[in-house]
Structures are given as structure tokens and as C-alpha cells.
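Input: a single structure, listed below in C-alpha cells.
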Ligand code: SAH
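Numbering (our numbering), first residue to last: 319 to 713.
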């Protein structure tokens with residue numbers, strides 16, 4: 319090396335600003351790129367330092383807006399092992415349920431909620447669908463699969479990495495089997511009903527497991543007419559059809575509704591399906607003077623970002639207002655929001671405003687959220703996204 323020239327050595331650690339440090343100290347696992355002072359050029363697992371020393375170990379990706387995703391706050395000399403330990407813990411939490419109901423559906427790994435950055439593993443009757451959104455974790459996926467099949471009775475694992483957020487990490491989109499032979503679809507038991515999960519072509523990982531316990535909660539309600547709005551493949555509707563004489567499932571996706579009909583047939587149940595924009599449908603029903611005994615509202619996330627919040631607030635209010643008007647006195651509104659931007663207090667504010675505008679009272683029967691297999695980290699609002707309220711309409 320010529321004298322006077324310093325050799326350039328790539329940093330083997332990430333250094334964050336004091337603002338980034340205070341997030342990690344408060345145990346929010348994410349540090350944005352704008353709060354990073356220095357880091358390696360390559361994505362990987364690295365220690366993160368603040369002005370006062372080591373803060374955490376994280377999945378690091380300099381190409382991502384969320385450059386640091388912490389998975390451990392204590393020192394380690396084997397970062398991979400620590401990450402796999404988090405996986406072991408996640409699997410241990412679900413093991414008893416999977417073994418008690420091997421034909422059921424469970425979330426095995428809930429990303430940050432299980433200290434496994436951007437990693438989701440959903441179990442559907444012995445078949446697991448994996449989604450990963452962190453470039454740093456990508457090389458570890460074979461070890462993730464190895465650990466999974468050692469710990470749980472799993473017949474196949476499919477990587478369904480087709481979510482657009484992967485491009486923000488510089489990752490490609492691909493759907494490919496990682497283990498075993500992946501069937502096109504599988505029947506999943508949920509309490510008294512079964513629904514079919516299209517492993518290869520369904521929305522998300524194939525179904526919405528976060529609402530499993532809320533769907534089961536509606537068992538025991540009964541009456542004449544029930545409505546399942548934003549129904550997808552009829553998940554709530556199948557449960558409602560146990561207790562209501564007539565059940566209508568509404569969705570804008572014809573494909574999802576065709577599968578709702580298949581699901582109903584498979585269970586020996588009857589459903590009416592309506593392909594429509596939910597807002598339009600509810601308006602029409604009001605005009606027609608129809609009344610319902612129970613309405614489920616499970617809309618997609620209207621607020622995808624904080625900027626959308628005002629518009630989303632109005633949309634949530636509108637669907638709830640319309641549903642409240644369609645319910646008979648004493649009727650039940652089972653309503654959800656899966657936008658973490660619409661916080662729980664805001665969600666209840668929306669409902670209170672909608673009820674006030676309809677000149678009706680809403681009596682809270684129960685405040686619920688996502689199922690236990692979607693753990694929430696307090697202080698990390700991104701992990702607490704699903705709100706679910708069970709309300710009774712009073713005049
Ligand atoms: N309730 C379902 C999940 C619903 S996901 C379950 O428990 O499994 C949201 C659904 O809303 C999707 O199926 C999507 O096709 C549908 N959707 C989105 N926008 C819509 C709109 N404007 N009108 C009707 N359906 C809509």
C-alpha cells in the first residue's frame with residue numbers, strides 16, 4: 319500500500335443517530351435510513367451501535383427505508399443462532415395448538431411480533447406458507463425451514479414471496495416450494511366449518527388467520543338475516559350460516575365469492591353471494607328498506623399510510639354508518655379495522671360518530687383484536703393492527 323493512503327475497510331457494524339438509538343432503547347425495532355450514520359454495504363445481520371455503545375442486533379439492509387430491524391437487544395456471538403432461537407420460541411408458543419388441531423389454521427410466526435423481522439409463517443392443515451420481506455433474512459430461509467420441520471408436523475413449505483413490499487428491499491418476487499410437495503389447495507378446519515385455502519393463488523398467504531377467533535366468537539348468534547361484508551371466501555358467512563336463516567356474503571372479487579360458494583357447498587350450507595362495491599351495496603340495501611339482525615364489516619386497510627388517514631377515517635365512518643342504519647333494534651354490528659394507522663381510540667371514535675349520525679346507540683359487547691397467534695408488541699403500533707368490536711344497536 320503506498321504510504322499515506324489508509325486502507326478502506328467496510329464497517330462491520332451499523333451506527334445510528336441518537337434519535338435512532340432512542341427508538342431502539344424504547345424497544346421499537348425499526349430505525350429508518352435517515353437515522354443511520356454508517357453501515358455495511360451489504361444486507362445482513364449486524365450489531366447496531368448508538369452514541370453510547372451496543373444497542374441491538376438487527377437485520378440490516380442499506381437499500382431499504384427501514385434499514386434496521388432489530389431482533390435482539392442483548393449481545394450475542396452468534397446472530398444466526400439468536401434469530402433461530404426466536405423462531406424456536408415462536409414455534410413453541412403455537413405447538414400445543416397445532417398438535418391439538420393439526421387440521422386447523424394458525425400463524426406460526428408474526429414477524430416483528432415474534433422478533434423475526436418481516437417474516438410470516440402461516441400453517442394450514444400441515445402445509446406452511448412463508449412470506450419474507452427482509453433481504454438480511456433471505457439467506458437464512460433454508461435454516462428456518464429446517465427448524466420448522468424439526469419442530470412441527472409439516473408436510474410442505476411454500477415461499478409465497480409475491481408481495482410488492484419485497485421490491486422496497488431490493489428483493490425479487492417469486493412463489494416456490496421450499497420443502498415437500500405443495501398441493502394447490504387444502505381444507506382447513508375452523509370450529510364447526512371447513513374452508514379451502516388456495517396456497518398458490520389466494521390473497522396474502524391464502525386466508526386471514528388474524529380473524530379466526532373473531533369468526534369463532536360469532537358462534538351462538540342467530541336470527542333471520544345476516545350480512546358478511548368484505549367477505550373474501552365467505553369466512554365469517556360460513557359461521558353465520560350455522561345460526562341465521564339467510565346469510566349474504568358481499569365482496570368485490572368474483573373469484574373470492576366463487577370460492578365462498580364452494581366452501582358453503584362443502585359444508586352443506588347455503589349462502590347468497592353478491593359481487594359489489596360494499597359502499598354501493600349498503601346504499602342500495604338502505605334504499606330498498608332491508609333490515610338485518612347481524613352485520614360483519616371486515617374492510618381492507620383503508621389507511622395504507624398516515625397520509626391516507628383522513629380519507630380512511632371518512633370511509634370507515636361511512637361503511638359503519640350505513641351498517642348501523644341497516645340493523646334492526648337489538649341487532650349486532652361486528653366491525654373491524656386492520657389499519658394500524660387507525661389506532662384503537664380512533665376506531666372507537668369513528669364508531670361513536672357513526673352511531674351519533676345515525677341517531678342510534680351502540681352498546682359495546684366486547685372489544686377484541688387480532689388472535690393470540692398474532693402477538694402485539696406494546697409501543698410498536700405496527701404490530702397491533704386489527705381492531706374488532708362487537709356492538710349492539712339500540713334506538
Ligand atoms: N372477512 C375476510 C377477509 C376480508 S379481506 C375473512 O375473514 O377472511 C377484505 C376483502 O374486501 C377482500 O376479499 C377484498 O376483495 C374485498 N374488498 C376490497 N374492497 C372492496 C369494496 N370496495 N367492496 C367490496 N369488497 C371489497
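Cβ coordinates follow ideal geometry from the N, Cα and C atoms, glycine included. Remember, predicted model here, so these are calculated numbers, not experimental data.
- Residue pairing by DSSP puts residue 384 in a beta bridge opposite 350.
- Buried is the label assigned to residue 689, since at least 16 other Cβ atoms lie within 10 Å of its Cβ.
- Distance from the Cα of residue 423 is smallest, within the candidate group 394, 509, 485 and 375, for 509.
- Distances from the CB of residue 569 to the heavy atoms of ligand 1 include at least one below 6 Å.
- Taking the Cβ of residue 618 as the reference point, at least one heavy atom of ligand 1 falls within a distance shorter than 6 Å.
- Distances from the alpha-carbon of residue 559 to those of 540, 568 and 551 put 540 closest.
- About 12 Å separates the beta carbon of residue 378 from that of residue 367, a gap too long to meet the 8 Å contact definition.
- The three-state reading of DSSP puts residue 584 in helix, counting H, G and I together.
- Per DSSP, the unbroken alpha helix (DSSP H) holding residue 338 starts and ends at 336-343.
- No heavy atom of ligand 1 is found nearer than 6 Å to the CB of residue 703.
- For residue 637, there is no enclosing beta strand (DSSP E); the enclosing alpha helix (DSSP H) covers residues 627-644.
- Taking 7 Å as the cut-off, the Cβ atoms of residue 433 and residue 404 count as close.
- Residue pairing by DSSP leaves residue 469 without any beta bridge partner.
- When DSSP assignments are scanned along the stretch 498-577, the uninterrupted stretches of beta strand (DSSP E) that are 3 or more residues long and fall wholly within it turn out to be 503-508, 511-516, 541-547 and 562-569.
- Here the alpha carbons of residue 621 and residue 346 stand approximately 21 Å from one another.
- The beta carbon of residue 333 sits closer than 6 Å to those of 355, 356 and 367, all from its chain and outside the five residues before and after it, given in chain order.
- In this structure, ligand 1 has no non-hydrogen atom nearer than 6 Å to the beta-carbon of residue 585.
- Straight across, the Cα-Cα distance linking residue 659 with residue 624 is about 6 Å.
- Taking 6 Å as the cut-off, the C-beta of residue 550 counts as close to a heavy atom of ligand 1.
- At the C-beta level, residue 412 and residue 426 come within 7 Å of one another.
- Around the beta carbon of residue 528, 16 or more other beta carbons lie within 10 angstroms, which makes this residue buried.
- Ranking 602, 618 and 646 by CA distance to the CA of residue 676 puts 646 first.
- The beta carbon of residue 499 sits closer than 7 Å to those of 474, all from its chain and outside the five residues before and after it, given in chain order.
- In summary, residue 712 is exposed, with fewer than 16 beta-carbon neighbours lying within 10 Å of its beta-carbon over all protein chains present.
- DSSP, read as helix, strand or coil, puts residue 410 in helix.
- Nearest neighbour of residue 515 by Cα position, chosen from 705, 580, 545 and 602, turns out to be 580.
- Assignment of beta-bridge partners to residue 449 by DSSP yields 438.
- Contact between the stretch 602-610 and the stretch 573-589 is not established, with fewer than three Cβ pairs separated by less than 8 Å.
- In the displayed model, residue 391 falls within coil according to three-state DSSP, outside both helix and strand.
- A contact between stretches requires three or more CB pairs, one per stretch, nearer than 8 Å, and the stretch 454-464 fails this requirement with the stretch 532-552.
- Checking the 6 Å criterion, the Cβ of residue 526 is within range of a heavy atom belonging to ligand 1.
- Distance from residue 693 to residue 431 at the Cβ level is roughly 4 Å; contact confirmed, criterion being Cβ atoms closer than 8 Å.
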